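Q:
Protein chains: 2
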Amino acid sequence: MINLALSHSTRDIRLMGRRKSYDRDEVLVKAMELFWAKGFEGTHLSELVEVTGVNRFGLYGEFGGKEGLFQQALDLYLQGTLSAYRETLDAKPHGLGNIQEYFRRLSYGDAYHGCLMINTLTEQDNVTSDAFSAAREVYCEARNLFLKNLQEAQAAGELAPDRDVDALANLLSTVDSGLSIHGIVSPSDSEKDAIAAQVLRLLD
Amino acid sequence: MINLALSHSTRDIRLMGRRKSYDRDEVLVKAMELFWAKGFEGTHLSELVEVTGVNRFGLYGEFGGKEGLFQQALDLYLQGTLSAYRETLDAKPHGLGNIQEYFRRLSYGDAYHGCLMINTLTEQDNVTSDAFSAAREVYCEARNLFLKNLQEAQAAGELAPDRDVDALANLLSTVDSGLSIHGIVSPSDSEKDAIAAQVLRLLD
DNA sequence: ATTATTTCACACCTATCGTTCAGTTATGGA
DNA sequence: TCCATAACTGAACGATAGGTGTGAAATAAT
Numbered sequence: 010m011i012n013l014a015l016s017h018s019t020r021d022i023r024l025m026g027r028r029k030s031y032d033r034d035e036v037l038v039k040a041m042e043l044f045w046a047k048g049f050e051g052t053h054l055s056e057l058v059e060v061t062g063v064n065r066f067g068l069y070g071e072f073g074g075k076e077g078l079f080q081q082a083l084d085l086y087l088q089g090t091l092s093a094y095r096e097t098l099d100a101k102p103h104g105l106g107n108i109q110e111y112f113r114r115l116s117y118g119d120a121y122h123g124c125l126m127i128n129t130l131t132e133q134d135n136v137t138s139d140a141f142s143a144a145r146e147v148y149c150e151a152r153n154l155f156l157k158n159l160q161e162a163q164a165a166g167e168l169a170p171d172r173d174v175d176a177l178a179n180l181l182s183t184v185d186s187g188l189s190i191h192g193i194v195s196p197s198d199s200e201k202d203a204i205a206a207q208v209l210r211l212l213d
Numbered sequence: 010m011i012n013l014a015l016s017h018s019t020r021d022i023r024l025m026g027r028r029k030s031y032d033r034d035e036v037l038v039k040a041m042e043l044f045w046a047k048g049f050e051g052t053h054l055s056e057l058v059e060v061t062g063v064n065r066f067g068l069y070g071e072f073g074g075k076e077g078l079f080q081q082a083l084d085l086y087l088q089g090t091l092s093a094y095r096e097t098l099d100a101k102p103h104g105l106g107n108i109q110e111y112f113r114r115l116s117y118g119d120a121y122h123g124c125l126m127i128n129t130l131t132e133q134d135n136v137t138s139d140a141f142s143a144a145r146e147v148y149c150e151a152r153n154l155f156l157k158n159l160q161e162a163q164a165a166g167e168l169a170p171d172r173d174v175d176a177l178a179n180l181l182s183t184v185d186s187g188l189s190i191h192g193i194v195s196p197s198d199s200e201k202d203a204i205a206a207q208v209l210r211l212l213d
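Top to bottom, those sequences are chains X and H.
For reference, each letter of the first sequence is one residue, going 10 to 213 in the working numbering.
For reference, each letter of the second sequence is one residue, going 10 to 213 in the working numbering.
#1: Using 8 Å as the threshold, is the stretch 90-98 of chain X in touch with the stretch 71-80 of chain X, meaning 3 or more CB pairs across them?
#2: Of the residues that make up the stretch 75-93 of chain X, which ones have a beta carbon closer than 7 Å to any beta carbon in chain H?
#3: Grab the span of the alpha helix (DSSP H) containing His38 of chain X for me, first residue to last.
#4: Is Tyr86 of chain X helix, strand or coil by DSSP?
#5: Determine whether the beta carbon atoms of Asn179 of chain H and His191 of chain X lie at a separation below 8 Å.
#6: With a threshold of 16 other CB atoms inside 10 Å of the CB of Gly123 of chain H, please say whether the residue is buried or exposed.
#7: Helix or strand or just coil, what does DSSP make of His191 of chain X?
#8: For Gly118 of chain X, count neighbouring C-beta atoms within 10 Å of its own C-beta (all shown protein chains included) and say buried if the count is 16 or more, exposed if not.
#9: Considering only C-alpha positions, which residue in the set H:Val184, H:Ala176, H:Asp171 is nearest to Leu177 of chain X?
#10: Taking C-beta pairs closer than 8 Å, name the residues in chain X that Ala46 of chain H reaches, listed in chain order.
#11: Contact between the stretch 77-84 of chain X and the stretch 37-51 of chain X: three or more CB pairs below 8 Å?
#12: Mapping DSSP to helix, strand and coil, what is Asp175 of chain H?
#13: Kindly indicate which three-state DSSP category Lys75 of chain X falls into: helix, strand or coil?
#14: Quick test of the definition: if touching needs 3 or more C-beta pairs under 8 Å, does the stretch 52-67 of chain X touch the stretch 29-36 of chain X?
#15: So, is Glu50 of chain X buried or exposed, given that buried needs 16 or more other C-beta atoms within 10 angstroms?
#16: Given a threshold of 16 other Cβ atoms within 10 Å of its Cβ, counted over all protein chains shown, does Gln88 of chain H qualify as buried or as exposed?
#17: Can you name the residues of chain H whose CB is closer than 7 Å to the CB of Ser182 of chain X?
#18: Note down the Cα distance separating Ala140 of chain H from Glu146 of chain H, rounded to an integer number of angstroms.
#19: Checking contacts by CB at 8 Å: is Gln163 of chain H closer than that to chain X?
#20: Starting from the C-beta of Asn158 of chain H, find all residues in its chain whose C-beta is less than 8 Å away, skip the five residues before and the five after it, and write them out in chain order.
#21: Taking 8 Å as the threshold (beta carbon to beta carbon), is Val194 of chain X in contact with chain H?
#22: Could you tell me whether any Cβ in chain X is nearer than 8 Å to the Cβ of Gly51 of chain H?
#23: Is the beta carbon of Ser182 of chain X less than 8 Å from the beta carbon of Ala151 of chain X?
#24: For Tyr121 of chain X, count neighbouring Cβ atoms within 10 angstroms of its own Cβ and tell me buried if that reaches 16, exposed if not.
#25: Here's the rule I'm using: 16 or more other beta-carbon atoms within 10 Å means buried, otherwise exposed. How should Glu110 of chain X be labelled?
#26: Which of the three DSSP states, helix, strand or coil, is assigned to Ser92 of chain H?
#27: Starting from Val58 of chain H, trace the alpha helix (DSSP H) both ways and give me its first and last residue.
#28: Between Ser186 of chain H and chain X, is any beta-carbon pair separated by less than 8 Å?
#29: Assuming contact is defined by CB atoms lying nearer than 8 Å, are Leu168 of chain X and Leu209 of chain X in contact in what I supplied?
#30: Do the CB positions of Leu115 of chain X and Lys201 of chain X come within less than 8 Å of each other?
As structure tokens, this is what we get:
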């Protein structure tokens with residue numbers, strides 16, 4: 010018992026042993042990019058080893074194999090996505106300006122392969138229920154952020170009081186995910202701007 | 010040479026031999042449902058054998074293995090999807106009514122797993138370029154159908170002449186795909202109707 | 001009934017999946 | 001310097017992937 014407690018309490022403090030030759034976060038970023046491009050089933054451990062430079066055994070021990078690696082890579086992606094949502098949609102004061110700014114900042118880079126959150130939702134049957142839930146949760150959080158801005162806009166008189174803010178929030182969320190699909194077919198930022206401009210007319 | 014030509018010219022006419030114990034179209038429907046639910050990489054040949062009742066060898070000979078089976082199952086799905094688009098969006102006279110009707114008829118059944126066309130687009134790296142192109146083509150065709158209705162609406166005075174019908178068509182297409190994602194998270198037809206109602210306000 | 005032809009069932013192929021094990025190397029404290 | 005510990009390496013694990021060969025079963029013309 011005492012030994013167990015001791016070994017546990019001192020586990021964090023590295024007293025001896027070889028140092029890890031990789032950076033945990035860098036590995037997660039590489040893995041995320043691969044899962045992003047090829048999905049969970051489409052990504053093979055051999056590719057993860059190749060891209061991250063970490064041995065199969067290392068990946069298993071450190072991240073818990075393919076599933077653990079996917080979960081953590083997805084969490085990293087979702088955390089970044091959530092930050093991006095919050096940076097624009099949770100800015101004070103809430104209102105229509107935030108929504109406008111959100112769609113303005115959206116951009117397809119080059120080699121756009123959609124959004125990992127959306128891709129995970131469409132791959133529901135292949136991923137852990139935890140992974141699916143995490144993606145779903147961020148999706149809902151984004152929807153709620155849209156809603157909050159609409160509600161405050163309505164309270165401030167930016168938006169007519171009879172507008173259905175709940176349905177509008179769902180529409181904005183739908184357009185947001187739809188853009189991640191549309192971008193696969195036609196990754197043009199100017200086209201995205203034109204689409205956003207149209208939907209934003211609803212908020213004038 | 011003569012033998013080759015003869016054997017070829019008579020191939021279609023079944024003169025003798027054992028009859029197939031399965032219906033080609035039924036097999037494709039079963040395969041389609043599986044690919045729809047689990048994606049290309051996520052569907053294994055053993056499952057296809059189990060569901061269709063056709064042996065591995067039969068699937069290979071008749072459909073060209075997993076890839077051929079996916080292509081043909083996808084084509085079947087896309088054909089149905091295209092028919093659904095055309096039935097509403099290519100009805101005469103073209104106009105805003107068609108668009109309204111399209112979104113009205115949309116429905117998530119139970120156990121909704123998104124749209125196979127959209128899922129194929131998000132699985133780009135795992136599927137044949139032919140399969141991806143086929144999905145992309147139908148996506149674009151739908152967008153063009155939206156456009157046609159908007160153009161005719163504009164010509165008929167249903168829609169103000171200064172409206173950007175191109176951007177509007179892209180928006181409708183984006184909402185359409187977005188709904189297939191939103192339905193995974195929240196497969197409620199009434200919510201779908203509310204979302205559609207909002208975007209249709211743009212066309213009044 | 002015989003026979004040519006086609007499909008079917010079973011088992012087997014190679015390749016690769018994700019996972020794991022010994023054996024070796026590097027590190028910090030005694 | 002030696003040792004206890006942790007991490008790394010390469011090989012190999014069993015399972016299963018998709019694809020295939022062989023012989024039996026079924027069919028329609030002879």
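Every residue, glycine too, gets a C-beta built ideally from N, C-alpha and C.
As the structure is a computational prediction, the values presented were derived from the model and not from experiment.
A: According to the data block:
#1: no
#2: none
#3: The amino acid at residue 38 of chain X is misidentified as His; the sequence shows Val. Element bounds for Val38 of chain X: 33-51.
#4: helix
#5: yes
#6: buried
#7: helix
#8: exposed
#9: H:Val184
#10: Asp134
#11: yes
#12: helix
#13: helix
#14: yes
#15: buried
#16: exposed
#17: His191
#18: 10 Å
#19: no
#20: Leu98, His103, Gly104, Leu105, Asn107, Ile108
#21: yes
#22: yes
#23: yes
#24: exposed
#25: exposed
#26: helix
#27: 54-61
#28: yes
#29: no
#30: yes
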